[in-house]
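J.: Sharing a structure with you now.
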Amino acid sequence: MTDKKFGRQAEAIMKKASVPVKTKQIIAGKFRRYHRMSWLKQLVQIPTTLRNIRDVLYTAIGLLQSLWLLRLFKPDVVFTKGGFVCVPLGLAAHLLGIPLVIHDSDAHPGLANRILARWATSIATGSPIENYPYPKARTKYVGIPVDASFKPVTATQQQSLKASLGMHDTKKPLVVVTGGGLGARNINRAIIAIAPKLLDKVAIMHITGDLTYQETLAKAPEHIDYFIKAFVSTGMATLFGAADVVVTRAGATAIQELAAMAKPVILIPNPLLTGGHQLKNAAVYAKSRAAVVVDEDSLVVNPLQLRKAIELLASHPDKSAELGKRLHAFAKPDAAVDMAALIVEAAAMHKHQETAR
165 MTDKKFGRQA
175 EAIMKKASVP
185 VKTKQIIAGK
195 FRRYHRMSWL
205 KQLVQIPTTL
215 RNIRDVLYTA
225 IGLLQSLWLL
235 RLFKPDVVFT
245 KGGFVCVPLG
255 LAAHLLGIPL
265 VIHDSDAHPG
275 LANRILARWA
285 TSIATGSPIE
295 NYPYPKARTK
305 YVGIPVDASF
315 KPVTATQQQS
325 LKASLGMHDT
335 KKPLVVVTGG
345 GLGARNINRA
355 IIAIAPKLLD
365 KVAIMHITGD
375 LTYQETLAKA
385 PEHIDYFIKA
395 FVSTGMATLF
405 GAADVVVTRA
415 GATAIQELAA
425 MAKPVILIPN
435 PLLTGGHQLK
445 NAAVYAKSRA
455 AVVVDEDSLV
465 VNPLQLRKAI
475 ELLASHPDKS
485 AELGKRLHAF
495 AKPDAAVDMA
505 ALIVEAAAMH
515 KHQETAR
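For any residue, its number in our numbering is found by taking its place in the sequence shown, counting from 1, and adding 164.
Structure follows, in structure tokens:
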């Protein structure tokens with residue numbers, strides 16, 4: 165099930181799946197809260213408070229919709245991936261006695277999963293279990309399922325991928341910069357500021373995001389080794405495979421894709437997202453020296469630190485390879501299989517219990 169905001173995207177994705185999946189939409193409400201902002205300050209923001217109150221009603225409506233749909237489809241198990249749309253569905257599964265399996269990608273458990281964890285049959289995590297407060301007996305570290313195209317490439321394959329992207333000098337280190345689908349204005353501005361000096365040493369593939377493309381393009385350098393795109397819907401494995409260094413946000417799935425490819429990564433976590441989950445994702449890899457982490461607030465003041473980090477990795481292949489190797493240790497190539505096994509196991513256990521009654 166999806167919430168209405170992303171209904172069309174989910175439907176389009178599921179129609180193209182190897183096994184087509186039907187989608188249904190429910191109404192769901194989110195609880196808005198902002199990292200680095202006190203509860204009192206958030207409370208006095210009247211529009212936000214009113215939207216939160218309204219969304220309690222939305223969640224109640226979503227619960228009724230979920231109860232009706234689950235009674236209609238009679239599933240053997242319900243699987244939720246986190247996010248506010250999962251709360252009414254997970255609560256409905258609990259009320260109807262249907263096994264609930266949840267997955268938490270981020271190193272910081274989201275509010276939805278913290279609510280649903282008390283009733284979950286099994287809890288799967290994207291990071292090592294010590295990062296979560298869940299009951300150990302019901303929790304398993306499975307990683308995050310990623311597409312099989314995200315895998316290590318040889319030096320020869322990397323040269324071919326660079327050529328396919330239009331690079332005239334495939335021996336030159338390539339830095340891929342991405343801030344996500346919508347973009348990251350501070351990262352884009354930093355790259356534009358440091359690009360003139362960097363381009364003597366590296367090529368740059370800059371994915372700006374749709375919302376910030378035009379303003380970034382207007383200030384982008386004209387250089388044979390600078391490439392700029394608004395968004396990449398398919399082929400990220402090609403871009404990452406060609407890269408010698410990747411600069412990105414600290415989203416859990418993107419990090420796992422790069423871990424699968426053993427790529428050296430510079431993480432710039434978004435400090436404002438709910439619960440500071442990107443900050444906590446980045447901290448996990450920084451602690452294991454598996455990624456370089458650059459603070460966004462510091463980046464705004466001094467973009468030079470990002471330039472130095474890029475130059476260090478691009479000019480020292482041995483250090484880059486070691487960084488990628490440590491990140492690769494977090495890769496979980498069997499994540500999809502292990503996740504599916506937990507779901508099947510929960511359904512089978514429920515059936516066995518029902519038969520025994």
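Glycine included, every Cβ here is placed at the ideal spot set by N, Cα and C.
Would you decide whether Phe314 is buried or exposed? Buried here means 16 or more other CB atoms lie within 10 Å of its CB.
T.: Locating residue 314 in the sequence shown gives position 150, where the first residue counts as 1. Classification for Phe314: buried.
J.: What are the start and end residues of each continuous alpha helix (DSSP H) run of 4 or more residues lying completely inside the region 321–389, in chain order?
T.: As far as the region 321–389 is concerned, its whole alpha helix (DSSP H) runs of at least 4 residues are 349–362 and 377–383.
J.: Return helix, strand or coil for Lys188, following the three-state DSSP convention.
T.: One-based indexing of the sequence shown puts residue 188 at position 24. Lys188: coil per DSSP, three-state reduction.
J.: Exposed or buried, Ala384, counting other C-beta atoms within 10 Å across all chains shown (16 or more means buried)?
T.: Position 220 of the sequence shown, counting from 1, holds the residue named residue 384. Ala384 comes out buried.
J.: In the DSSP assignment, the beta strand (DSSP E) including Phe404 goes from what residue to what residue?
T.: Within the sequence shown, the letter at position 240 stands for residue 404. Looking at the DSSP string, Phe404 is not in any beta strand (DSSP E); the run it does join, the alpha helix (DSSP H), is Met400 to Ala406.
J.: Along the chain, where does the alpha helix (DSSP H) containing Ser182 start, and where does it finish?
T.: The count along the sequence shown starts at 1 and reaches residue 182 at position 18. Note, Ser182: premise wrong, no alpha helix (DSSP H); not H, not E.
J.: Would you decide whether Phe243 is buried or exposed? Buried here means 16 or more other CB atoms lie within 10 Å of its CB.
T.: On the sequence shown, residue 243 is found 79 positions in, with the first residue counted as 1. So Phe243 counts as buried.
J.: Considering only residues of the region 235–297, which uninterrupted alpha helix (DSSP H) runs meet the minimum length of 4 residues and lie entirely inside it, listed in chain order?
T.: Runs found: 250–259 and 275–280.
J.: Using the Cα positions of Phe395 and Ile430, report the straight-line distance between them to the nearest angstrom.
T.: The residue labelled residue 395 in the question sits at position 231 within the sequence shown. The residue labelled residue 430 in the question sits at position 266 within the sequence shown. Approximately 20 angstroms between the Cα atoms of the pair.
J.: If you draw a straight line from the alpha carbon of Val340 to that of Leu476, how long is it in whole angstroms?
T.: For the purposes of this step, residue 340 is taken as residue 176 along the sequence shown, with counting starting at 1. For the purposes of this step, residue 476 is taken as residue 312 along the sequence shown, with counting starting at 1. Their Cα atoms are separated by approximately 15 angstroms.
J.: Out of Met331, Ile279, His267 and Ala382, point me to the one whose CA is closest to Ser291's CA.
T.: The residue labelled residue 291 in the question sits at position 127 within the sequence shown. The shortest Cα separation from Ser291 among Met331, Ile279, His267 and Ala382 belongs to His267.
J.: Taking the beta carbon of Pro467 as the centre, do at least 16 other beta carbons fall within 10 Å, making it buried, or is it exposed?
T.: Locating residue 467 in the sequence shown gives position 303, counting from the first residue. The residue is buried, with at least 16 neighbouring Cβ atoms inside 10 Å.
J.: Assuming Ala424 and Asp270 make a contact with CB atoms under 8 angstroms, what is their CB distance in whole Å?
T.: Within the sequence shown, residue 424 is the residue found at index 260, counting from 1. Within the sequence shown, residue 270 is the residue found at index 106, counting from 1. Not confirmed; about 18 angstroms, so no contact.
J.: Assuming Ala284 and Val265 make a contact with CB atoms under 8 angstroms, what is their CB distance in whole Å?
T.: Here the question's residue 284 lines up with position 120 in the sequence shown. Here the question's residue 265 lines up with position 101 in the sequence shown. Yes, they are in contact, since the Cβ atoms of Ala284 and Val265 sit about 7 angstroms apart, within 8 angstroms.
J.: Beta-carbon within less than 6 angstroms of Asp389's beta-carbon, same chain only, minus the 5 sequence neighbours each way: which residues are those?
T.: In the sequence shown, residue 389 corresponds to position 225, counting from 1. The residues are Leu363 and Ala367.
J.: On the CB-based measure, 16 or more other CB atoms within 10 Å of its CB, does Lys194 come out buried or exposed?
T.: Along the sequence shown, one-based indexing puts residue 194 at 30. By the neighbour-count rule (16 or more Cβ atoms within 10 Å), Lys194 is buried.
J.: Take Ala382 as the anchor and find which of Leu255, Ile356, Tyr449 and Leu280 has the nearest alpha-carbon.
T.: On the sequence shown, residue 382 is found 218 positions in, with the first residue counted as 1. When only C-alpha atoms are compared, the closest one is Ile356.
J.: Are there 16 or more other CB atoms within 10 angstroms of the CB of Val410, so buried, or fewer, so exposed?
T.: One-based indexing of the sequence shown puts residue 410 at position 246. Looking at its Cβ environment, which holds 16 or more other Cβ atoms inside 10 Å, Val410 is buried.
J.: Are the beta-carbon atoms of Ala327 and Thr334 separated by less than 8 angstroms?
T.: By one-based count along the sequence shown, residue 327 stands at place 163. By one-based count along the sequence shown, residue 334 stands at place 170. Yes. Within cutoff.
J.: Can you name the residues that DSSP bridges to Tyr305?
T.: Locating residue 305 in the sequence shown gives position 141, counting from the first residue. Its beta-bridge partners are Thr289.
J.: Kindly indicate the opening and closing residues of the alpha helix (DSSP H) around Ile507.
T.: Numbered from 1 along the sequence shown, position 343 holds the residue referred to as residue 507. From DSSP, the alpha helix (DSSP H) with Ile507 extends over Ala499 to Ala520.
J.: By DSSP, does Leu431 sit in helix, in strand, or in coil?
T.: Taking the sequence shown and counting its residues from 1, the one referred to as residue 431 is at position 267. Reduced to three states, the DSSP call for Leu431 is strand.
J.: Going by alpha carbons, who is nearest to Ala312 out of Pro239, Val465, Ala450 and Ala499?
T.: Residue numbering aside, residue 312 sits at position 148 when the sequence shown is read from its first letter. Of Pro239, Val465, Ala450 and Ala499, the residue nearest in Cα terms is Ala499.
J.: For Phe494, count neighbouring Cβ atoms within 10 angstroms of its own Cβ and tell me buried if that reaches 16, exposed if not.
T.: Numbered from its first residue, the sequence shown carries residue 494 at position 330. Phe494 should be labelled buried.
J.: How is the alpha helix (DSSP H) around Val409 delimited, first residue to last?
T.: Translated into the one-based positions of the sequence shown, residue 409 becomes position 245. Taken as a continuous stretch (DSSP letters only), Val409 belongs to no alpha helix (DSSP H), being part of the beta strand (DSSP E) at Val409 to Thr412.
J.: DSSP three-state call for Lys393: helix, strand or coil?
T.: Locating residue 393 in the sequence shown gives position 229, counting from the first residue. Residue state, collapsed to three classes: strand.
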